[in-house]
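Everything on this sheet refers to the single structure shown next.
Chains as they are written, first to last, in our numbering: chain A, 258 to 894; chain B, 258 to 894.
Given below as structure tokens:
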């Protein structure tokens, strides 16, 4: 029966790819045998994809999406056979790579290596959830995390980073199944890949098994072994790509293109299936798979009893993790205080953490510089300060999983310049629309002596160009507070771009319009110029405006902590703050070209920075009141 | 004497950081002992930093820049003691992290992990140079590559990727010295780092030695062992951070801040140095270090004789590597041909490779999709097709070193979406201003069924926002040719953003203005609208203009293959092609906000893409002639 189940998956996947005339049949067919055995072990409830204590199953090789959808349909998730027939078509629930609008998909995957790091993230989230919620003789969190990955995932640096963290933390709830088929797009893996994967993982603190990925007994034995361990567990499953696809079995030509009608017919015939039928699921096979529904229903019912048996404190904690009460945050007040926004941010996140038990995160080894230590809250997994090591990319992917876990509001911190290192994961956060907070300090040439390798120039533009991602660059401590109030309510990731250097407080009693992205900070009735700026350049603009107003040149100043939100405002609001009758000059120590959307002139950075004292650099690059005043005076001449 | 030499370096570094009141004394002091022994082994010529057969020395931990500058000054490079005293000041040759405008710096480092991959790149470049140039009994290329790195470098995924490649290629000319001091910024490395580095590297095909990094005999023995090997060689040097700095020795507080005058005085005293003196180099020490000048001069003289003894073919080849003759490229003609630009690009780079023996590169396992195979030119290291594996980040850093080696014009290829994975290295290419060509195919929602994880949206903005980087997105095969002609002559990296799908040929006999970034493709005397576009959207605009012109709405069309070059043009040129009297609409299937610099309206992407057939997606997101015609008609109403 396992063979017939696996073949059913194989041909479903082959048929999907063939009908779409697009997709990747090789990996799903190679993994089908592993999949049918894994499905026996999986503790989940297809009728409630959000059950908290379900096992998480991550398909890191997102190109094997036909396998994902076959798994979901066969298990009884809310995904019809019709959707499988619309594989990779516009508007379907079966896109080319799995996305979370399909119920049962834990995390969007596709860019290689991400899923492995996501799996480590789920394992970490589960560890912390267990640490918080489990009580003596009542383990409400005790699920496993399974991840299927391929050669490409393990070649990507992000997976190495994440697996190092998994080993360091002894994540014994994590089972990584490596589909080792020796095939990559350019040919045999040996052209670029000759490491001893077993030894590599052992060096990182993992247990490793090696099995024949087409031998059901071996697969079962390995998964049985995975149950009780001290360390994360890697199962190297030697497989044949496109197993069962006749002459294309073992060939890299099966990786990313339909097999062809002829091959599929022959393969079905060889497996004892009717070659004339497509998308076939025999009743006996379906029955076997669909047993997952009853099993899952029972498991969740038993678990609900466990939750009932939690102590009152436990129930209360669970409830506050499930429903974070943002209104309970005791936000600080920085009125009149000159403060670096990295510092104000540090105070703010400590207050958030006090109010929200699910607020958790860490830095890629820069916590003292990023000011992200959650004071007195201990180190992960016993506490909420995660030491990610110098691994920005894995950090962000791991925190994507914290955000998807169901209980947590994670943050990732590093220098703004190193947001480049984690960008691919930030993008997936945006695609999924999860609350994941990026704390990015040292935000401009204000970095100073560390020089151009450490001074962001194009990074603001990079983040702002990304859909469904909100970048906040507050101008002082209180604006920083307002930005958090907005960000916590967005269904999207956001970034806090923060200064290393102290920023003068704005003389504004009111920040009500941070939610609109920008607001009029200072206005005169006869303005000829509007200066719009963010972060450290706002007070520069205020000083410049004061000087110019005294000279009789009317200048308005707009503080724009969030360009992305401003883009969402109607024209009348934009025109109200950025008066079209004035010459609008955007001032940012960044490339800032996107400001041309609103501004007539962008006063930004046209080159990389330099190494020198921050004040010297701001002056050198024109960001001093004297130089900006001169620029505006020349402009209105 | 070694001890005194090392202490001289220590206190030079400590004095530099103290005087600058900024910098990182810990790593330089910890590495000083290794450094003085390594300097004995180093085969280089301080008076000619460009000598081709010099050993390459890469400081991956660029924050140890005071060590770099001490090394350069003491060895006799063109870097005065006065410059060391101006450490980290604006305009000095001693910036916070090493940059290549300082003679003797092989590659700009700072962002962690990059330097390790750069070292692998130099080792690969040397292998290929040796393969090309060495003749029986005349090894004109036989130098070593040394790289100093720290914990942070080895935690970053890029270093893992690069070291996997080094192992796979058995780069026995590579010596990586790991400064293992157990200290990171957040504290002891064990908080995030517990892998067995020795075993990890052995698993990747390296030989590994472990030594006391303060024991001169052990350092010398290890470097002696490094000379003749079959594999790349890792020396794990156990060190104390800030060795010799009294109470700060071994403390993470010594990593990124000046030690303080008191500590330095005491340390000097303890080492037998005059605590009252700063920037001291005793004559005997200087003499010992400066022996490098005579030794280097002799080595290069001997090497020059070797070059004289090369065969005529060898001399000719060396000359054509040193002086690539771009004029000899036989560029293809795609006139009238509908072609995907990834395909036209494949033909072009094959012609470039035929003409230029130093043109070399590869893909991150996507060569068949990127169309980057150099046909009939074999696989690296015997040929020019490098199989990087699924390792975009290491690929780009490795090719930065090919570009810096002195003989090569490298290219890196992947899907455009995965330019995110390699961005940090592309940035360093831009900072250094090296010729490094990024071939980025599958450039928009035209990717089709693979869906939003694989469809670039913000990537054009990301690259365009980066200083000193040129992004070309040609509209057809012949424009693709013209883009290459321009790019090959730039002293900067460039990217080719190319379509998966076929593009209609433009009916333009003349592309003379690609060097200006954009040109008028189609004009009418009574234009009300100017459409400006790049890549696949140009022919959409041509079709739209044809329809609208027939309806009596005058439309000009500007093809803009390179936004960055357009930004460099004077206003009169811009106004000539983008007539300010018209309503200027930029059309790009991308976020494209930077186009507001020139356009009144941007007709772009406001969200991520979708999974579906490419034609369906273009229509769905408004990039069909019908929808664009309607948009313009509404606009002029």
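Yeah, the Cβ is synthetic: ideal placement off N, Cα and C, and Gly gets one too.
| Query | Result |
| --- | --- |
| Alpha-carbon to alpha-carbon, residue 491(B) and residue 409(B) | 16 Å |
| First and last residue of the uninterrupted beta strand (DSSP E) at residue 590(A) | Premise fails: residue 590(A) is in no beta strand (DSSP E) and is neither H nor E. |
| Chain-ordered chain A contacts of residue 879(B) [CB-CB under 7 Å] | Chain A residues near residue 879(B): none, gap ~14 Å exceeds 7 Å. |
| Rounded Cβ spacing between residue 486(B) and residue 429(B) (contact assumed at less than 8 Å) | 5 Å |
| Cβ distance (whole Å) where residue 643(B) is taken to contact residue 622(B) below 8 Å | Not a contact, Cβ separation roughly 11 Å. |
| Meets three-Cβ-pair contact criterion under 8 Å: the region 465 to 481 of chain B and the region 282 to 298 of chain B | yes |
| Unbroken beta strand (DSSP E) run spanning residue 894(A), endpoints | Note, residue 894(A): premise wrong, no beta strand (DSSP E); not H, not E. |
| Residues near residue 817(A) by beta carbon distance below 7 Å, same chain, minus five either side | 774, 775, 789, 790, 791 and 823 |
| Short CB-CB distance (under 8 Å) between residue 256(A) and chain B | The shown model of chain A, from 258 to 894, leaves out residue 256(A), and the question about it has no answer. |
| Sheet register partners of residue 737(A) (DSSP bridge) | None, per the DSSP bridge assignment. |
| Contact list for the region 428 to 458 of chain B against chain A, Cβ threshold 9 Å | 441, 442, 443, 444, 446, 447, 448, 449, 450, 451, 452, 453, 454, 455, 456, 457 and 458 |
| DSSP beta-bridge partners of residue 316(A) | 405(A) |
| Interface partners of residue 688(B) on chain A, CB under 8 Å | 709, 710 and 865 |
| Endpoints, beta strand (DSSP E) assigned at residue 467(A) | 464 to 469 |
| Min CB distance residue 834(A) to chain B below 8 Å | no |
| Coarse secondary structure for residue 442(A), derived from DSSP in three states | coil |
| Chain A residues whose Cβ lies nearer than 8 Å to that of residue 723(B) | 714, 715 and 848 |
| Bridge partners - residue 695(A), DSSP secondary structure assignment | 669(A) and 752(A) |
| Cα-Cα separation between residue 637(B) and residue 488(A), rounded to whole angstroms | 39 Å |
| Residue ranges of each beta strand (DSSP E) within the region 802 to 890 of chain B, 3 or longer | 812 to 816, 840 to 844 and 858 to 860 |
| Chain A within 8 Å of residue 486(B), Cβ atoms only | no |
| Buried versus exposed, by CB contacts within 10 Å (16 or more), residue 573(B) | exposed |
| Euclidean distance between Cα positions of residue 875(B) and residue 528(A) | 41 Å |
| Exposed unless 16 or more other CB atoms sit within 10 angstroms - verdict on residue 627(A) | buried |
| 8 Å Cβ cutoff, residue 639(B) in contact with chain A | no |
| Option in 812(B), 339(B) and 831(B) with minimal Cα separation from residue 820(B) | 831(B) |
| Cβ neighbour criterion (16 or more within 10 Å) applied to residue 829(A) | exposed |
| At least three beta-carbon pairs within less than 8 Å, the region 699 to 706 of chain A to the region 867 to 884 of chain A | yes |
| Spatially closest choice to residue 526(A) from 265(A), 811(A), 856(A) and 893(A), by CA coordinates | 265(A) |
| Which listed residue (532(A), 390(A), 427(A) and 464(A)) has its alpha carbon closest to that of residue 568(A) | 390(A) |
| Closest by C-alpha distance to residue 735(B), when choosing among 333(B), 303(B), 592(B) and 371(B) | 592(B) |
| Minimum Cβ-Cβ distance from residue 402(B) to chain A less than 8 Å | no |
| Three-state secondary structure (DSSP) of residue 491(B) | strand |
| Cross-chain neighbours of residue 785(A) in chain B, by beta carbon under 9 Å | Within 9 Å Cβ-Cβ: nothing; residue 785(A) doesn't reach chain B, min ~21 Å. |
| Residue 809(A) versus residue 892(A) - alpha carbon distance | 14 Å |
| Validate contact between the region 577 to 588 of chain B and the region 720 to 733 of chain B using beta carbons, cut 8 Å, 3 pairs | no |
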